[in-house]
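Worksheet: one structure, shown below.
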Amino acid sequence: MKFAIQINSSPTGSGSAYHAYRFVCSVLAEGHSVFRIFFYHEGIYHAFNYAMPPDDELNFPKLWSALVKQYAIDLVVCISAAQRRGLLHTDEASRVGKQDGDLADGFRISGLGQWVEATLQADRCIVFG
Amino acid sequence: MHKKFLFVLRKPPFNGVSMQETLDSVLTIAAFDQAVSLLLLDDGVFQLKNGQQPDRFGMKDTAAVFGALEIYDIHDIRVEVESLQERGLKPRDLCLPVREIYRKDVAGYMKEFDVVLAG
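The listed protein sequences correspond, in order, to chains A and B. Note that the first sequence covers residues 1 to 129 in the numbering used here. Note that the second sequence covers residues 1001 to 1119 in the numbering used here.
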């Protein structure tokens, strides 16, 4: 079965982020596919490259980056939600005079149309948070 | 491809930018020619309360966006009867004409949709 996932809660704000991560891992391990994970609302905080939680806590940007290497899933961050919260990709960062982008490995920034496409392609849409 | 979408809105207005962003996704899906319906439950019924003055605390008027949904061919907005009653509200306290739905009918209503999204 093909899944589209939307994650709306931040890594630090609730337990929902971890539920989402475990759900995605289980889906992939069971042999299903994940068409796309769309990070919206506070979910965009999953994509911050420079998040540095203490070593004994979960580092979600790194967890997702590792999962992309293993399964080649598409991690998309909503551009309007991201810019509102100060998460910029490299082009936008240089345009506004920042030194580099904030996006962790394996994520890309795009628009809500990507979520619409995912809902149309997937057999199941699951929203976390 | 066409699918039927239901947004279930359960949060009150002015809860940060949450509703603005949810409405953005409602409008985007509608702009892609998909059928979109809204169901207001729990504190979500406050989204349509008459007489909001969000400019007084620096927020955008999200109730006005609901009024514009018709332009996007979104006509099916339902409000749960019990959620209104529990909050002392009547349909005439809302800024849009809405259809009422009883709690017992919500589960059956949701089955009519291909995609149910929480907002």
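Positions of the beta carbon are idealized from the N, C-alpha and C atoms, including for glycine. Remember, it's a predicted structure, so these values are computed and weren't measured experimentally.
Taking a beta-carbon distance threshold of 8 Å, A/Arg95 does not count as an interface residue toward chain B. For A/Ile126, the beta-bridge partners assigned by DSSP are A/Ile5. Note on geometry: alpha-carbon atoms of A/Gly97 and A/Ile109 lie some 19 Å from one another. Per DSSP, B/Glu1082 lies in no beta strand (DSSP E) segment; the continuous alpha helix (DSSP H) that holds it begins and ends at Val1081 to Glu1086. For the options A/Asp55, A/Phe107 and A/Gln70, the alpha carbon positioned closest to that of A/Leu28 is the one of A/Gln70. Put simply, the backbone Cα of A/Phe107 is about 20 Å away from that of A/Gly13. Proximity to A/Ala104 across A/Asp91, A/Pro61 and A/Ala81 peaks at A/Pro61, based on C-alpha coordinates. When the beta-carbon positions are compared, B/Val1026 and A/Arg84 stay at least 8 Å from each other. For B/Asp1024, the residues of chain A that pass the 8 Å Cβ criterion are Ser80 and Leu112, in the order they occur in the chain. Residue environment for B/Gly1108: exposed (fewer than 16 other C-beta atoms within 10 angstroms of its C-beta). Below 8 Å, too few C-beta pairs join the stretch 111 to 126 of chain A and the stretch 1077 to 1095 of chain B to call them touching: fewer than three. For A/Leu63, the CB contacts under 7 Å within the same chain, skipping 5 residues up- and downstream, are Tyr21 in chain order. Residue-level contact check: A/Thr12 does not touch chain B, since none of the beta carbons of chain B fall below 8 Å from its beta carbon.
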